[in-house]
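Residues in the sequence shown are numbered consecutively from 1, following UniProt numbering.
Just so it is clear, CB atoms sit at the ideal spot from N, CA and C, and this is done for glycine as well.
Inspection log for the structure reproduced underneath, given as structure tokens.
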Amino acid sequence: MRCLLKRYITQTKVADYYPEFEKEKVVWQRVTKQFQFCIVPRGMYILDSMAFMTGKNLRYLTGILNSKLIDFYVKTYVHLYGDKGFLLSNQYVERIPLPPITPQNQPLADQIVSLVDQILSLTQSPDYETSKEKQEKVKEFEKEIDRLVYELYGLTEEEIKLIEGGEYCTM
Numbered sequence: 001m002r003c004l005l006k007r008y009i010t011q012t013k014v015a016d017y018y019p020e021f022e023k024e025k026v027v028w029q030r031v032t033k034q035f036q037f038c039i040v041p042r043g044m045y046i047l048d049s050m051a052f053m054t055g056k057n058l059r060y061l062t063g064i065l066n067s068k069l070i071d072f073y074v075k076t077y078v079h080l081y082g083d084k085g086f087l088l089s090n091q092y093v094e095r096i097p098l099p100p101i102t103p104q105n106q107p108l109a110d111q112i113v114s115l116v117d118q119i120l121s122l123t124q125s126p127d128y129e130t131s132k133e134k135q136e137k138v139k140e141f142e143k144e145i146d147r148l149v150y151e152l153y154g155l156t157e158e159e160i161k162l163i164e165g166g167e168y169c170t171m
């Protein structure tokens with residue numbers, strides 16, 4: 001009976017979780033040397049080596065999560081996973097201090113979302129891999145997102161230089 005009950009509870013919890021896979025989501029590789037957060041459309045499934053989150057403002061969050069600031073933060077506070085890189089589980093991502101959208105920062109959030117949309121448009125074009133022009137444009141948009149994220153977090157020039165220098169202090 002106990003085993004049956006445990007299996008029922010487990011199956012019920014998993015079944016409750018299934019609808020999350022059907023939603024648009026932000027996904028990332030759990031073990032990696034280079035963090036990349038990507039938007040995956042509804043109905044697409046991911047491998048078990050990936051983690052994901054659903055919710056509101058996914059493009060805003062994707063812009064922030066892919067910024068140099070968050071890369072610096074994560075590489076400073078997340079433990080190394082042998083020579084494979086970092087283990088970035090959901091528990092670490094949930095602890096990243098992400099500013100909510102407020103009336104005061106709405107213009108910055110809107111600019112970040114617009115840039116993310118432009119990046120998605122460029123990177124999904126059939127010739128992106130061979131178009132140096134599109135790749136350079138994406139780099140420009142990423143730099144602009146970094147600038148907006150620094151402004152969003154209220155960083156000083158000195159703090160920005162530290163982040164841009166990439167001198168991580170890993171645990």
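Please report the residue range of the beta strand (DSSP E) in which residue i lies.
| i | result |
| --- | --- |
| residue 25 | 25-29 |
What are the partner residues of residue i, as DSSP defines its beta bridges?
| i | result |
| --- | --- |
| residue 52 | 27 |
| residue 40 | 25 |
| residue 32 | 86 |
| residue 80 | 86 |
Applying the 10 Å Cβ sphere with the 16-neighbour rule, what's the burial state of residue i?
| i | result |
| --- | --- |
| residue 31 | exposed |
| residue 76 | exposed |
| residue 48 | exposed |
| residue 36 | exposed |
| residue 25 | buried |
| residue 172 | Outside the displayed range of the chain (1 to 171) lies residue 172, so it cannot be described from this structure. |
| residue 62 | buried |
| residue 34 | exposed |
| residue 95 | exposed |
| residue 104 | exposed |
| residue 29 | buried |
| residue 45 | exposed |
May I ask which residues mark the beginning and end of the alpha helix (DSSP H) holding residue i?
| i | result |
| --- | --- |
| residue 107 | 106-123 |
| residue 154 | Looking at the DSSP string, residue 154 is not in any alpha helix (DSSP H), and its letter there is neither H nor E. |
| residue 213 | There is no way to answer for residue 213, as the model of the chain reaches only from 1 to 171. |
| residue 63 | 58-65 |
Tell me which residues share the same chain as residue i and place their Cβ nearer than 7 Å to its Cβ, disregarding the 5 neighbours each side in the sequence.
| i | result |
| --- | --- |
| residue 111 | 148 |
| residue 98 | 61 and 64 |
| residue 41 | 24 |
| residue 107 | none |
| residue 71 | 35 |
For residue i, which residues from the same chain have a beta carbon less than 8 Å from its beta carbon, with the 5 sequence-adjacent residues on both sides left out?
| i | result |
| --- | --- |
| residue 18 | none |
| residue 58 | 24, 25, 26 and 39 |
| residue 127 | 134 |
| residue 180 | The chain is shown only over 1 to 171; residue 180 falls outside these bounds and no answer can be derived. |
| residue 90 | 51 and 53 |
Quick one: what's got a C-beta closer than 6 Å to residue i's C-beta in the same chain, skipping five residues either side?
| i | result |
| --- | --- |
| residue 68 | 146 and 163 |
| residue 65 | 37 |
| residue 87 | 31 and 81 |
| residue 54 | 20, 23 and 25 |
Quick check on residue i - is its C-beta less than 9 Å from some C-beta in chain B?
| i | result |
| --- | --- |
| residue 162 | This model lacks chain B altogether; it includes just one protein chain. |
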